[in-house]
Structure formats: C-alpha cells, structure tokens
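Undergrad:
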Amino acid sequence: MAQSFPYTYYACDCYDNNTSTSAKRASQILAEADEEDRTFDPRNPRSNYALYPLEHLLYCDDCQQIRCPRCVIEETLNWYCPSCLFEVPSSVVKSDGNRCTRNCFNCPVCISPMTVNSIENPDAPSATGGPYILACPYCHWSTIETGIEFEKHTGVHGQLARVANGGTPVPTPKEREKERERRKEFEARQRDSRNLLSPSQDSPTSDLHRDSALPSRDDVFSNLGAFYKSQIEAQTPSNPFSAHDLNFSSPSAYSRIMNLYSSAGAKKQKRGKPSPMREAASELEGLHVYDTVSDNAAIERIKRDGWGSTLSQTQKLAQIDPHANFEDELRPIATLLCTKRSKRCRSCRHILSKPESKITSTRYKIKVLALSHIPRLSIRALPNNAAPSTPSAPSTPAFSQQSFSYSNLRSGIPTHFLLQLSNPLFDNVRVTLATPSTTPGKIQTRVTILCPQFEVGANTDVWDDALSSSVPSATRSSAADGQIEAGKIWDRGRNWTSVVIEVVPGFLRPITGFGQADQADELDEDDDLLEIPIFVRLEFETEANAEERGLGDSRGSKGEKEQREAAFWTVVGAGRIAAM
Amino acid sequence: MSAQPAPSRPGPDRRSSTVPKRTSILPKPSSIALDPSVLIAQHAQITGTHPITLGPNTVLHPHSRISSALAPVVLGEGVVVYERAKVGVGLGPDLDAESRRSSMRSSGGTIRSDGVVLGRNVVVEANAIVEAAEVGEGSVVEVGAVLGRGCVVGKYCTISPSSIVAPNTRLPDYTVVYGGSEHRLDKTLQLRPEILDAKMAVHRKQLEMFKKLVPNQVAKWTV
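For the protein sequence lines, the chains are A and B, in the order given. Going by the UniProt record's numbering, the letters in the first sequence line up with residues 1 to 580, in that order. Going by the UniProt record's numbering, the letters in the second sequence line up with residues 1 to 223, in that order.
Written out as structure tokens, the structure is:
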C-alpha cells in the first residue's frame, strides 16, 4: 500500500450493489448471501478495487451512500488545451481530433512545451518578422533540424500541416488526386506501349521510376482511401435520391448494420450478398509492397550515424507516424487536449461534482465530498505503558508518536492503538464498531475494541464547546488517569471520541512446538501487514430532507426529525509485523 | 572555506568593513590577475592559494564563489558567474569536506592541480557548481547543474538545469545535456551560425546591462 502507516481505507460496496440480482445465477446469489455474513477481507483480491482513502470518495445525498471512482459516471464538460487554456468546442474535437490546432506543440525529443522563435536576419529584416521556428527551450531541439520554417508566428499548426520534413510542401488532397490520375494514365499508356514493344526492354525503367519516389505514408493512405472509395462506388447501385446516404461509412449504413445485429438472426432477410471486393493491387491503389531497400538503407544509416540518430521508444510512440525511426523524421507533437468532467452518481444520476466551466478556474460549482458526510476514522499508537504519572494526554501521544515504529510491530505483545472518530455532521452520532476477533489472512492477529459502542458529539460551532462544557473532560474519559478500561472511552472532544483498541500481532511463523511439524508455509508479500477490518454503524437523528418533506408542507414539518443510519466497512492499516 | 565569516552582520556597509578580517581567515589568492574591465559585485568571494585570472568583461554576481584552493582558476573574456554559483576545484557537494582537509594538508601544493578554465562568454547560472577542467566558448551551465572534476566541455554546450555531469567526462562541441543524463547534439546551432551570432549578441548586451545595474566592487580585490 502506498500510504504510510497508519492509514484508513473505506470500502465502497458498489460492486455488490450494482450487479443486479436478475443477472446472477442461483449459486451466485447463495454465495452472495454467504458473503453478507462474512467479514470484509482486505486480502481479497477484489477488495483492492473497493478500498479508498476517505479523501478520494464522494457522497451521494440522495442515495445516502459513499461513491467511489467506480460508481460515478464521468461526463465531459468541455475540452481545452492545457498549454494555451483555450476551450475547444466538442464539434471541433470531433472533426479535427483531440489536439490543439493553434500554436501549442510539445518537443518530440523531450516533450517540454515548445516556443515560437524568430530567426529574422537583423541585416535584412522581413515584413512579418519571420522566418519563425518552433524551438524547445529545454533540450534545444528545433524545427530547423528537420528543415521546417514558418512564415507567420500564428497558426503554426496549419502551416506545419502543409510542410513535410525538409521543407517540401505537402500536396493537398486535390493535388494528390490529380497526381494519381496523371500517374494512372501514364501507367496505362506504358502498359499499352509495353504490349507493343518487347517487355524486357521496358521493365528496368519502370523499376527505376518506382525506386526514385518511395511513397510517403500520407501518399499510401490517400491512395488506399481513394481506391476503397472507388470500390464502394462501384458496388453500391447509384440511387439518384439518396446517393450520398448509401455510402458504407454513412450513419444510415451504421444503423443498418446495428439492426442486423440486434434482430439476432430472427428473420434472415434475403438480400443479395455483396460480391467480394477486390483488394488493392498496385501502388497507385495503395498497395505497399515490402521492400528490403528501405530496411537496408536504415541499417546503413545506423552504421553511419550510430544509435544517437535513432529514436527512443517513447519518442517513437509520441509520433503520429508509427514508422518514424530517425531523428530527421521527427515532427513536433501537437499538444493533447484535456477535459473538464463532472461526476454523477451511477444509480440516481445526481451530480456529485461539477467544476466551473471556465477553463482558467480551478474551482468547483458542486462538490459533495464524503469527507463532510462520513465520520473520519483514524488510528494511531497509544504509548504502550501510559504511565499514570504522565500529566496530560494530548502531549504524551504526540511525543511517543515519533518513537513508535509502525512498521515494526512485535508479535505476541499486546499493543494499544487509539481509534478516533471525528464527526463532520451537525448531529450527535451513536457509533457501533465491530471487528472480527482475529484478522483474516495467514497471520492471525487478535483484535479487541475495548469500547465498541459510544457517542460522538455534533460538529457544532467551536465556541459552543468552550461556552457550554462546564464538565471538564477529565471526568468523562479514562485518558486522564491513564488507565485503559474496557467499556470506557479513552477521550472525547467537541466532535470526536477516541477509544482504545488492543491488538496482539500474530506470529509470522507458526511456533513449532511439541510434535508439531514445521509447516514451511511461505508467506506472500504483504502478509505481514496488519490491516484490521472494522465495521462501522452510525445512528443519528437529523432533520428530514427537504425533498422528502415536499415543498408544500415545508413550514408545517419544520424541525421534524428523522432517524437515519449508515453502515460501512473500513480497513485500518495499523502497521507491519516485524520478523523475528 | 564554506563558512561565511560573521553571518550575523546586518548592514552592507558594516559587511564591507569586515573584508580585511575575512582575508585574514581565508587563504587569500596569491595572485589575482584582474582585467580592468572586470565587474565584481559586492558579496562575491574569491579565495584560494593558487592564482586566479579574470579576463576582460567578466562578471561575478553577488555571492558567487571562485576558489583556487586546490588549483588555479582562469575565467575567459565575458564570463558570467551568477549568484551562489561556485567555480573551482574542490567546491563540489560531496567532496567538500574531504577536499578541505586535503587542501589544508597540501599547503605546499603537492596534489595534482588541473585547474579550471572557462572559455569566452561562458555562463554559469545560479547555484551551479563547476569543477570541470575546461569549459569551451559560449557554453552555458544552467541553474543548479554540476560539472564534475576534470570534465572537458566543448564549445557552445548547454548543461540543462540540475543535470549532473560525472567527473572526467568529455563533451564534444554543441552537446546538450538534458533529462538527467541524456546527451544530444544541438544541430540547430550547428546548422545555423547566424543563430549563434544572435545568441552571442544577446550575451554582449547582457554584459553591458550588468555594468549599468550592478555596482562594481572590483577595487576591493585590486589592492
């Protein structure tokens, strides 16, 4: 566990609640019922996903239950660029992708945000102040290394999209199409002429032509796209009324496919099976023929320039082109957009947290935390021999806190911990604690809560306590005389109460006694961890909810009290048992 | 060596009056060769027994430390040493105590002394420690970086903040040390000498600015 000792985790039972009983088989229900009776086992693999620190939990007012990250629904409020803090409309995200389309880029070498710098020649200044480059202020990589310069300092994303590495312009889709047509015609003519001439004469030249212009990834993609489009067009009967709507990638086609699946083959419609389509057969159709030439070139290059010129795995993964291998193929990475999200309760759709929609604001409009609805359970060690001579309780634990080592609990020696409940509610709470007498797991540690039933005061104004409590706390608790007594609370304050819990840590190795074979039972990792499951049940009276009262009789039933109770499992990490 | 003499002294004028006292505590450099155009700010420290040479237009910011306790130090033309930066062999973090002992032992200068040579327009930023044997022209040692003993750094290198260069490392020209221990070549500067020129022009302007802004206390050291 990542947290340092001592810690408290709260168990959210959303898994057990959310699986509907109808979906379960009878045996599962039986097992479930069995589980109800059993104590919560922090060692169960499943409880890894149910335990959270109190700070991570939200609270649903309607369901009156804690809500963990598993039982909330997240909704995207808006998209924004973390670098320029501009909001990006979700329609733009759908059309342009989840990257900033303004000036924000990350360095492809070290991922730090890049800046736009001017490399204007001071002797011959240009009108725009350019040329500009993207430069990394940290590792000093810049687009100069890949031969890219920009004319303007704004709209870098658009400018970058038009320039390939080395400064050559990227053809637009229209230009690509024209080029494709031209080459197709050229090849067709060549084929014709080859038929006339002898084939052996012509093949070297065509090979040479292919080698000289190895198609880029974009070329291959656009060629393939165009080929598929033409294939689909050839397949679909031209319908004059909804010609555009019968595309394979149109929404209506999707819904048709979904209908096919949902009807689950109840009635197979007799429809003409589409004849199988031809795959791409030539380079112009997007066929990418594996060629050893490029591999050999890459090997030669590594021989020449060394590993330094290749990309690391992380650099490669950050690139859009998955086949980028060398430094000069790097492109600046457009900054990924972030989202602001609101959270809803999964069962009642109540909003639990909602940030302000303004990007620059980090505040929340709504945030219902478990912290302010559930008592905080905390544990700490009690000085083992609280000598009666020690004058005041608050100062002694603070002193002994430093000397007590939680990661070195000694087996077989009773150790006392203080369990403190502090109440964030404005009502008095009656608390009942329950814990198994021995902790689950291989190492059986005996646990006794000396005072399992007690009351915690309301979270009233701080001044109330000072003004009203004429009774000194010394008479109410056993902390003053330093005697640990069963059935008596240790100490109490305005809205908190602490009780003593006695722990006898188990033995890591079974004691090999008379005739007992030494069971070489290997301990797993974290088996020496002392985690105590504690069941907490709260009972309190509170004013009835406004919604439940209804708006009409809100005046009449004012002050009407309502009995409520809440119960949940917590797991308290008291420490680690020392090896002997 | 590292202990500031009389740290509780309040005013700056009182402080300057303690200078003769400090020189009596710390070993004063046997010879400091100062160019008349050097700018030494008020609380800059120059200590050590070996000779120290400061080239023209060198700037030492307040609380920068130049130590020649173990070996001579040469700062080239236009070198800038920022606040709390340390230049000199034996100023490193872990070797400090040990080297102090050895420096006491070797009052006659028996141990090997390579010295520190900073080339033209080298910038040592705040809190950096330079024990390198040589730092080439125009290199920048950024905030909190450490150059180990005996390093040879080429021209126009950048040691990014908080990077640590192990002792006796040899860095070629235009190297950028970043991300802990990653090295790469700054091809931008290599490919475009005009960017380099622009950088140096900025450096020159900065030197002029320092002369205007920082009060010069060089008189203290020329005596």
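Every residue gets a Cβ at the ideal spot worked out from N, C-alpha and C, and that includes glycine. Please read these numbers as outputs of a predicted model, since none were measured by experiment.
Cβ of CYS139/A less than 8 Å from any chain B Cβ?
TA: By 1-based counting over the first sequence, the position of residue 139/A is 139. Answer yes: the Cβ-Cβ gap between CYS139/A and chain B drops below 8 Å somewhere.
Undergrad: With 16 as the cutoff for other CB atoms within 10 Å, does PRO215/B come out buried or exposed?
TA: For the purposes of this step, residue 215/B is identified with residue 215 of the second sequence, where counting begins at 1. Exposed, by the Cβ-count rule.
Undergrad: Ordered along the chain, which non-local residues of its own chain (more than five positions away) have a Cβ less than 7 Å from that of GLY144/B?
TA: By one-based count along the second sequence, residue 144/B stands at place 144. Correct list, in chain order: ASN127, ALA128, PRO161 and SER162.
Undergrad: Return the first residue and the last residue of the alpha helix (DSSP H) that PHE540/A is part of.
TA: To locate residue 540/A, count along the first sequence from 1; it is residue 540. Here PHE540/A belongs to no alpha helix (DSSP H); instead the beta strand (DSSP E) covers 529-543.
Undergrad: List the residues of chain B that ASN121/A touches, going by C-beta distances under 7 Å, in chain order.
TA: The sequence position of residue 121/A within the first sequence is 121, counting from 1. Chain B residues near ASN121/A: GLU194.
Undergrad: Return the residue from the list SER139/B, THR47/B, GLY148/B and LEU39/B that minimises the CA-CA distance to LYS212/B.
TA: By one-based count along the second sequence, residue 212/B stands at place 212. Taking only the C-alpha atoms, the option nearest LYS212/B is LEU39/B.
Undergrad: Determine the DSSP secondary structure at GLN159/A, reduced to helix, strand or coil.
TA: Your numbering for residue 159/A matches position 159 in the first sequence. Helix at GLN159/A.
Undergrad: To which residues of the same chain is CYS107/A closer than 8 Å at the C-beta, ignoring the five residues directly before and after it?
TA: Counting from 1 along the first sequence, the entry for residue 107/A is found at position 107. Hits under 8 Å: PRO113, MET114, CYS136, TYR138, CYS139, TRP141, PRO332 and ILE333.
Undergrad: Name the chain A residues whose beta carbon is nearer than 9 Å to that of THR158/B?
TA: Counted from its first residue, the second sequence places residue 158/B at position 158. Residues of chain A passing the Cβ test: CYS139 and HIS140.
Undergrad: For ILE32/B, does the count of other Cβ atoms within 10 angstroms reach 16, so buried, or fall short, so exposed?
TA: Along the second sequence, read from residue 1 onward, the residue named residue 32/B stands at position 32. Buried, by the Cβ-count rule.
Undergrad: Under 8 Å between C-beta atoms, does residue 585/A make it to chain B?
TA: The structure shown does not extend to residue 585/A, since chain A is modelled only from 1 through 580, so no value can be given for it.
Undergrad: Bridge partners for ASN78/A per DSSP, in chain order?
TA: Locating residue 78/A in the first sequence gives position 78, where the first residue counts as 1. Partner(s): LYS340/A.
Undergrad: Bridge partners for PRO420/A per DSSP, in chain order?
TA: Numbered from 1 along the first sequence, position 420 holds the residue referred to as residue 420/A. The amino acid occupying residue 420/A in the given sequence is Gln; Pro does not appear at that position. Bridge partners of GLN420/A: SER378/A and SER498/A.
Undergrad: Identify, in the order they occur along the chain, each residue of the same chain with its Cβ nearer than 6 Å to the Cβ of THR438/A, setting aside the five sequence neighbours on each side.
TA: In the first sequence, counting from the first residue as 1, residue 438/A sits at position 438. Closer than 6 Å at Cβ, skipping near neighbours: GLN444 and ARG446.
Undergrad: Pull up the distance between the alpha-carbon of VAL72/A and that of LYS367/A, whole angstroms please.
TA: Numbered from its first residue, the first sequence carries residue 72/A at position 72. Numbered from its first residue, the first sequence carries residue 367/A at position 367. Their Cα atoms are separated by approximately 13 Å.
Undergrad: Under the three-state reduction of DSSP, which class applies to ILE119/A: helix, strand or coil?
TA: If you number the first sequence from 1, residue 119/A lands on position 119. The answer is coil: DSSP assigns ILE119/A none of H, G, I, E or B.
Undergrad: State the Cα-Cα distance for the pair SER198/A and GLU185/A, rounded to the nearest angstrom.
TA: The residue you call residue 198/A lines up with position 198 of the first sequence. The residue you call residue 185/A lines up with position 185 of the first sequence. For SER198/A, the predicted structure reports a pLDDT of 49, less than 50, and the residue's modelled location is therefore unreliable. The matter cannot be settled from this model.
Undergrad: Cα-Cα, which of HIS56/A, LEU160/A, ARG349/A and LEU330/A is closest to LEU317/A?
TA: Position 317 of the first sequence, counting from 1, holds the residue named residue 317/A. Of the candidates HIS56/A, LEU160/A, ARG349/A and LEU330/A, the one whose C-alpha sits nearest the C-alpha of LEU317/A is LEU330/A.
Undergrad: Work out the CA separation of PRO355/A and SER64/B for me, nearest whole Å.
TA: Position 64 of the second sequence holds residue 64/B. Position 355 of the first sequence holds residue 355/A. Distance between the alpha carbons of SER64/B and PRO355/A: 47 Å.
Undergrad: Quick one: is TRP79/A buried, meaning 16 or more other Cβ sit within 10 Å of its Cβ, or exposed?
TA: As a working mapping, residue 79/A is identified with position 79 in the first sequence. Buried: at least 16 other Cβ atoms inside 10 Å.
Undergrad: If you draw a straight line from the alpha carbon of PRO507/A to that of ILE484/A, how long is it in whole angstroms?
TA: Taking the first sequence and counting its residues from 1, one reaches residue 507/A at position 507. Taking the first sequence and counting its residues from 1, one reaches residue 484/A at position 484. Note that residue 507/A corresponds to Phe in the displayed sequence, not to Pro. Each residue's alpha carbon lies about 25 Å from the other.
Undergrad: For VAL431/A and VAL536/A, which I take to be in contact (beta-carbon distance under 8 Å), what is that distance rounded to the nearest angstrom?
TA: Position 431 of the first sequence, counted from the first residue, corresponds to residue 431/A. Position 536 of the first sequence, counted from the first residue, corresponds to residue 536/A. VAL431/A to VAL536/A, Cβ: 7 Å. Contact.
Undergrad: For ALA370/A, collect the residues of the same chain with a Cβ closer than 8 Å to its Cβ; drop the 5 residues on either side in sequence, then sort them by chain order.
TA: Reading the first sequence from its first residue, position 370 is the one you call residue 370/A. Taken in chain order, the residues that qualify are TYR10, LEU54, LEU57, LEU58, TYR59, ILE66 and ARG67.
Undergrad: Between ASP114/B and VAL130/B, how many whole angstroms is the CB-CB distance? I'm expecting something under 8 Å.
TA: Looking up residue 114/B in the second sequence gives position 114. Looking up residue 130/B in the second sequence gives position 130. Between VAL130/B and ASP114/B the Cβ distance is about 13 Å, and since that is not below 8 Å, they are no contact.
Undergrad: Kindly say whether CYS338/A, judged by its beta-carbon, lies nearer than 8 Å to any beta-carbon of chain B.
TA: Taking the first residue of the first sequence as position 1, residue 338/A is located at position 338. Judged by the 8 Å Cβ criterion, CYS338/A is not in contact with chain B.
Undergrad: CA-CA distance, VAL163/A and THR172/A?
TA: For the purposes of this step, residue 163/A is taken as the residue at position 163 of the first sequence. For the purposes of this step, residue 172/A is taken as the residue at position 172 of the first sequence. Cα to Cα, the separation comes out at about 11 Å.
Undergrad: Could you give the distance in angstroms between the alpha-carbon of PHE105/A and the alpha-carbon of LEU77/A?
TA: Residue numbering aside, residue 105/A sits at position 105 when the first sequence is read from its first letter. Residue numbering aside, residue 77/A sits at position 77 when the first sequence is read from its first letter. Whole-angstrom Cα-Cα distance: 24 Å.
Undergrad: Quick one, which residues of the region 168-200 of chain B are near chain A if we go by CB-CB under 7 Å, in chain order?
TA: Answer set for the region 168-200 of chain B: VAL176, TYR178, GLY179, ARG184, ASP186, LYS187, THR188, LEU191, ARG192, GLU194 and ILE195.
Undergrad: Determine whether the beta carbon atoms of ALA579/A and LEU409/A lie at a separation below 8 Å.
TA: Counting from 1 along the first sequence, the entry for residue 579/A is found at position 579. Counting from 1 along the first sequence, the entry for residue 409/A is found at position 409. Taking 8 Å as the Cβ cut-off, ALA579/A and LEU409/A do not qualify as a contacting pair.
Undergrad: Drop a sphere of 10 angstroms on the beta-carbon of TRP463/A, count the other beta-carbons inside from all chains shown, and report buried for 16 or more, exposed for fewer.
TA: Start at 1 with the first residue of the first sequence, and residue 463/A comes out as number 463. Counting Cβ neighbours within 10 Å, TRP463/A comes out exposed, since fewer than 16 surround it.
Undergrad: Who are the Cβ neighbours of SER126/A in its own chain at under 8 Å, not counting the five residues just before and after it?
TA: By 1-based counting over the first sequence, the position of residue 126/A is 126. GLU120, listed in sequence order.
Undergrad: Using beta-carbon positions only, say whether VAL79/B and ILE66/B come within less than 8 Å of one another.
TA: Position 79 of the second sequence, counted from the first residue, corresponds to residue 79/B. Position 66 of the second sequence, counted from the first residue, corresponds to residue 66/B. Their beta carbons are not under 8 Å apart, which means VAL79/B does not touch ILE66/B by this criterion.
Undergrad: What's the C-alpha gap between TYR178/B and LEU34/B?
TA: Position 178 of the second sequence, counting from 1, holds the residue named residue 178/B. Position 34 of the second sequence, counting from 1, holds the residue named residue 34/B. Cα to Cα, the separation comes out at about 34 Å.
Undergrad: Which class does TRP307/A belong to by DSSP, given the choice of helix, strand or coil?
TA: Here residue 307/A refers to the residue found at position 307 of the first sequence. Helix, per DSSP.
Undergrad: For VAL500/A, which residues in chain B fall below 8 Å Cβ to Cβ?
TA: Locating residue 500/A in the first sequence gives position 500, where the first residue counts as 1. Under the 8 Å cutoff, chain B gives no residues; its nearest Cβ is about 48 Å from VAL500/A.
Undergrad: Taking the straight line between their C-alpha atoms, what separation do you get for ASN44/A and LEU51/A?
TA: Reading the first sequence from its first residue, position 44 is the one you call residue 44/A. Reading the first sequence from its first residue, position 51 is the one you call residue 51/A. Roughly 11 Å separates the two Cα atoms.
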